[in-house]
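Everything in the sequence shown is counted per the UniProt record's numbering, starting at 1 for the first residue and increasing by one.
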Amino acid sequence: MNELDVEVLVVGGGPVGLCAAIELARHGISVLLVERRADTSIFPKARLITTRTMELLRGWGVQEEVERAGMPREEYLAVGVGSSLTAADFLRSAAELDRDAPQSPTYTFLCAQDRLEVILRRLAESRPETEVWFGATMTGMRPTAGGVTATVNRADGETLVRCRYLVAADGSRSGVREGLGIAAEGPPPLGHMISIMFEADLGFLPPDRRAALSFLRDPPCAVEAVDHERRWMVQTGYEPELGGSPADFTEEACLAAVRAAVGVPGLPVTILGVMPWLQQAMVAAAFRAGPVFLAGDAAHVATPQGGFGMNCGIQDAHNLAWKLAAVLRGTAGEELLDTYEAERRPVAARTVDESLNNALITFDMMEGRLSMREAIERQAGRRSCEGLVLGFGYDSRAVVSDGTAPPAPADPYRTYVPTARPGHRAPHVWLHGPDGRVSTLDLLGPRFTLLAAAGAGWPQQAAEAARRTGVPLTAVEIAAEEISAEDPPTLGEPSPHVPGDPFTVAVRRPSGPLLSPTWAKEYGLGPEGAVLIRPDGHVAWRSPDGPASALALTKAVDQVLSRR
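Printed below as a string of structure tokens:
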């Protein structure tokens with residue numbers, strides 16, 4: 001038997017597992033990812049990429065590649081309802097395209113999972129810290145005094161893998177979760193579903209009948225655009241209690257279902273694949289068992305209504321990776337890892353609930369409790385969900401509270417209110433400098449970043465705090481007015497005593513002064529204020545108006561990292 005030692009073993013090679021491997025590698029952590037499938041998904045599955053996930057892809061340097069693989073933004077926000085795509089009662093509505101424009105340097109996007117996985121796999125495999133094994137199955141695991149020992153089987157035989165931590169991203173039927181005896185909590189399955197992927201030329205549909213997602217009533221199903229050219233998907237259901245099963249969906253039955261959904265009996269169609277799945281909403285009772293962590297569908301399963309599941313899982317990976325890295329590198333206490341569940345489980349529970357609310361709109365229409373007009377208005381309105389995906393805040397020991405209250409918008413699902421309150425995502429603000437326009441989010445990377453008012457002395461204090469703690473800090477000064485050439489540098493250099501610092505990866509480092517007359521107000525800061533931002537982009541600590549203090553920064557870092 002072969003043997004391999006790595007710091008983290010990731011089980012599952014879908015988007016969540018691949019993102020976990022990518023982010024861990026950015027922190028310099030050695031990773032083995034194992035995936036039982038021989039290759040990436042052939043099914044589109046998830047398609048919606050939320051604004052927050054697009055921000056991560058931007059930080060990894062693949063935003064443009066994802067956009068090239070995706071669908072035109074002007075079409076993806078549209079939702080349709082009707083008896084069929086060509087029926088006289090078909091209605092179409094679209095959310096406001098520019099609604100999320102002020103919130104981020106990027107935006108919500110639509111890219112089918114099968115194409116996204118190819119990009120993520122290539123990125124993961126490009127990292128020297130990462131080994132990616134497709135066609136490999138973890139056949140057993142057991143916790144040990146030093147972490148986890150697992151057995152992985154692939155074509156060339158078995159490998160004994162020793163790791164400090166294991167991240168289970170192995171899906172809604174997670175064998176790891178079941179093996180740990182962790183219950184999944186939620187209502188009974190909402191439906192037994194079948195996805196039929198097909199190829200057809202639907203170019204004859206006029207623009208007012210082209211939508212990324214259409215809910216149809218005769219027969220009940222949904223039609224999804226995969227590439228908005230020739231690839232599409234019909235989602236329909238069956239009832240086991242009435243004798244239905246996936247075996248009923250022969251090629252003939254699938255062709256009939258597709259033609260009925262389009263409303264063209266003789267439509268030329270090629271069936272590309274059929275996939276059964278359960279529509280359900282559940283959250284695991286725990287996200288951690290010792291050195292094993294659950295992420296993505298292994299930890300929470302949302303209905304597909306809203307496109308939240310994959311994105312919520314990617315945020316799990318982003319939250320967990322820097323914490324594992326800090327503990328593995330000895331800069332944080334083991335207690336930091338307890339904050340993973342404390343921070344992510346409430347967000348997951350709310351996300352799952354909102355996906356269920358979206359599903360109920362469709363059920364009400366299908367069962368006649370809502371007219372198609374009412375349903376389309378509600379569905380289109382809930383395509384705007386920036387409050388849900390950007391507005392959440394963490395409350396844990398990895399956040400230093402400043403006693404302020406969180407925003408309370410009237411519609412917390414749709415409305416995002418930017419805030420630099422500790423625990424919340426650092427707000428996006430455009431800054432201006434010698435290299436052009438840059439977002440505050442572009443300055444962040446896999447290390448702690450201090451954004452501070454220019455001239456208050458924070459870079460010097462951050463360098464001293466980094467020396468005291470051994471934790472790399474980058475200090476960026478931002479001015480409210482033009483800065484003279486004699487003023488100190490705006491970007492603190494990486495701490496020289498930290499070897500192998502990966503900060504430079506996909507992070508824009510300005511070469512001169514940065515200017516914004518509004519950023520301090522948007523971050524809740526005075527003329528000498530500063531905020532410390534965690535490696536996952538969430539505010540860890542805020543000093544509204546100074547004075548600059550290495551001691552205050554040191555105390556904040558020690559609390560956030562559970563250092564005794």
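Cβ coordinates follow ideal geometry from the N, Cα and C atoms, glycine included. This one's a predicted model, so the numbers in the text were calculated from it and none came from an experiment.
With the rule of 3 Cβ pairs closer than 8 Å, the segment 461-468 does not count as touching the segment 427-440. Per DSSP, the continuous beta strand (DSSP E) segment holding Met193 begins and ends at 191-199.
Its chain contains Ala20, Glu23, Leu24, His27 as the residues whose beta carbon lies nearer than 7 Å to that of Ala321, once the 5 sequence neighbours on both sides are disregarded; these appear in chain order.
Here the segment 283-298 does not lie against the segment 189-198, with fewer than 3 beta-carbon pairs under 8 Å apart. With the rule of 3 Cβ pairs closer than 8 Å, the segment 341-357 does not count as touching the segment 169-179.
Judged by DSSP secondary structure, Tyr165 falls within the beta strand (DSSP E) whose first and last residues are 157-168. In chain order, His432, Ala479 place their CB closer than 6 Å to the CB of Leu515, counting only its own chain and leaving out the 5 sequence neighbours on each side. Under the three-state reduction of DSSP output, Arg373 falls in the helix class. Secondary structure at Thr51: helix, using DSSP grouped into helix, strand and coil. His432: member of the beta strand (DSSP E) spanning 430-433, first to last residue.
Distance between Pro219 and Gly80, taken at the CA atoms: about 15 Å. A residue is called buried when at least 16 other Cβ atoms come within 10 angstroms of its Cβ; Ser371 does not meet this threshold and is exposed.
If only uninterrupted alpha helix (DSSP H) runs of at least 4 residues are considered, those enclosed by the segment 309-381 are 309-328, 338-366, 372-381.
With a contact defined as Cβ atoms closer than 8 Å, Gly387 and Pro406 miss out at about 12 Å.
Comparing C-alpha distances from Ile29 to each of Leu561, Gly13, Ala325 shows the shortest one belongs to Ala325.
Between Ile42 and Asp114, the CB-CB gap stays under 8 Å.
For Trp458, the three-state secondary structure derived from DSSP is helix. Shown here, Thr86 sits in coil according to DSSP, grouped into three states, outside any helix or strand. With a contact defined as Cβ atoms closer than 8 Å, Val8 and Val31 qualify at about 5 Å.
Between Trp430 and Ala548, the C-beta spacing is not below 8 Å.
In terms of Cα proximity to Ala475, the closest of Met275, Gly140, Ala454, Leu278 is Ala454.
For Leu532, the enclosing beta strand (DSSP E) has its first and last residue at 530-533. Shown here, Pro276 sits in a strand according to DSSP, grouped into three states. By a beta-carbon distance limit of 8 Å, Ile119 contacts Val66. Their separation comes to about 6 Å. Ser214 is bridged by DSSP to Gly80, Val223.
Taking all protein chains shown into account, Ser126 has fewer than 16 neighbouring C-beta atoms within 10 Å of its C-beta and is therefore exposed. In this structure, the straight-line span from the alpha carbon of Glu252 to that of Thr270 is close to 11 Å. Judged by DSSP secondary structure, Trp232 falls within the beta strand (DSSP E) whose first and last residues are 231-238. Of Pro143, Pro72, Ile314, Ala169, the smallest CA-CA separation from Arg162 is found for Pro143. Note: Phe293 is bridge-paired with Val167, Arg288 in the DSSP secondary-structure output. DSSP lists Arg142, Arg162 as the bridge partner or partners of Thr149.
Between the segment 383-398 and the segment 35-55, the count of Cβ pairs shorter than 8 Å is three or higher; the stretches touch. As DSSP reads the structure, Asp5 sits in a beta bridge with Arg162. Taking 8 Å as the upper bound for CB-CB distance, Glu55 and Thr106 are in contact here, some 6 Å apart.
By the criterion of a C-beta distance shorter than 8 Å, Gly524 is surrounded in its chain by Thr404, Thr419, Ala420, Arg421, Arg542, Pro544, once the five residues flanking it on both sides are discounted. For Ala281, the secondary structure class from DSSP, reduced to helix, strand or coil, is coil.
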